[in-house]
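To start, the structure under review is shown below, and the notes come after it.
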Ligand code: F6P
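In the working numbering, the protein residues as written are 10 to 333.
This is the structure we're talking about:
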């Protein structure tokens, strides 16, 4: 293998730059040529491909976002799109690919590998942490800490005014961010898509609020089956039916996707990036380089996208016990 390419795809995540840096520098260290594809699969189709040098990735380890840009490609979902992408890669003589992204990125990579056979290894880059085959995904730790900082600030004002705050965090299909910042932020309740939300219990508890606590923090993952935070807040407010209680909603949104990656994310990204290149050199393919129990593990794409990484039951229990 002489030439490889790297790209980022799907929602960006803090630490993607550190991962790109690790891929580029490991490839050069091992004597390979390395190309950066801009705008994910769209860039592959359009031939948005440039050779990278060691200095191309200088001064990026600390930056959020992705210097290679990102996109969610409709065209790559079609056979014609993937054919065009293959033709572009062949023109550049690309013999291996590192795909940094989440679920959707790996679905695309798997189909592309099955159709065209270019060895591909993924690195788990998503704030959602919902990828099987790695304990943590690149960007998750930063996103949780960003959300936590916001929750701490909201808690100050919530307590000052005796208010009930519903705080919405990201996670369309995943409650990992909500659960971790809920535990860390001392939330009274956490609502996530993986478990059934018991609104009756929440209403009952909020009705009795003044007897125990004067304010309350409720963290809602955006994908909860009861709806977004404002929808849930309205349902709960109506049922609590107490004009003395003040309800507020804060949606944290995309601030969770930006910012300087934490040390943990930078280290994880660097390990995954280096291992992806080493894996390609050693003949691994159609899999993701992740970290499980502290060790690098290559997990087939099929499992990464097909299996569910179960939430820790004790995490859920923690919220219930510690919020009494
Ligand atoms: O998959 C990462 C993620 O941040 C989800 O948590 C969120 O639902 C989604 O991306 C938002 O995507 P977009 O940036 O396209 O609005």
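From the three backbone atoms N, C-alpha and C, an ideal C-beta is built for every residue, glycine too.
Remember, it's a predicted structure, so these values are computed and weren't measured experimentally.
Three-way DSSP call (helix, strand, coil) for residue 362 in this model | One cannot answer for residue 362 here, as it falls past the ends of the chain, which runs 10 to 333.
Do residue 119 and residue 295 have their CB atoms nearer than 8 Å?
-> Residue 119 is a Cβ neighbour of residue 295, given a cutoff of 8 Å.
Closer than 6 Å from C-beta to any heavy atom of ligand 1: which residues, in chain order?
-> Taking each Cβ in turn, the ones that pass are 20, 111, 135, 136, 137, 179, 180, 181, 231 and 266.
Which two residues bound the contiguous beta strand (DSSP E) that contains residue 308?
-> Bounds of the beta strand (DSSP E) holding residue 308 are 304 to 309.
Look at the alpha carbon of residue 216 and the alpha carbon of residue 171, and state the distance between them as a whole number of angstroms.
-> Each residue's alpha carbon lies about 13 Å from the other.
Can you grab the Cα-Cα spacing for the pair residue 269 / residue 27, in whole Å?
-> If I take the Cα positions, the gap works out to 10 Å.
Given 8 Å, three or more beta-carbon pairs between the region 62 to 78 and the region 93 to 105 | Flag = no, the region 62 to 78 and the region 93 to 105 do not touch.
Quick one, which of 191, 311 and 328 has its alpha-carbon nearest residue 161's?
-> Nearest C-alpha to residue 161 among 191, 311 and 328: 191.
C-beta atoms of residue 15 and residue 45 nearer than 8 Å | Contact flag set, yes.
Under the assumption that residue 245 contacts residue 208 (Cβ atoms under 8 Å), give the Cβ distance between them as a whole number of angstroms.
-> In this structure residue 245 is in contact with residue 208, their Cβ atoms being roughly 6 Å apart against a cut-off of 8 Å.
Look up residue 125 in the DSSP assignment and give the residues it is bridged to.
-> Beta-bridge pairing links residue 125 to no other residue.
DSSP puts residue 132 in a beta bridge; with which residues?
-> In the DSSP secondary-structure assignment, residue 132 is bridged to 109.
Alpha carbon to alpha carbon, how far is residue 281 from residue 298?
-> For the pair residue 281 and residue 298, the Cα-to-Cα distance works out to about 6 Å.
So, are the CB atoms of residue 129 and residue 146 less than 8 Å apart?
-> No.
In terms of residues, what are the limits of the beta strand (DSSP E) holding residue 335?
-> Residue 335 lies beyond the range of the chain shown here (10 to 333); nothing can be said about it.
Relative to the alpha-carbon of residue 180, which residue among 82, 205 and 229 has its alpha-carbon at the smallest distance?
-> Comparing alpha-carbon positions, the option among 82, 205 and 229 lying closest to residue 180 turns out to be 229.
Could you check how far apart the C-beta atoms of residue 224 and residue 168 are, in whole angstroms? I think they sit under 8 Å.
-> That belief holds up - the Cβ atoms of residue 224 and residue 168 are roughly 5 Å apart, short of 8 Å.
Exposed unless 16 or more other CB atoms sit within 10 angstroms - verdict on residue 323 | With fewer than 16 other Cβ atoms within 10 Å, it is exposed.
By Cβ distance, which residues of its chain are closer than 6 Å to residue 194, with the 5 residues on each side in sequence left out?
-> Hits under 6 Å: 157 and 160.
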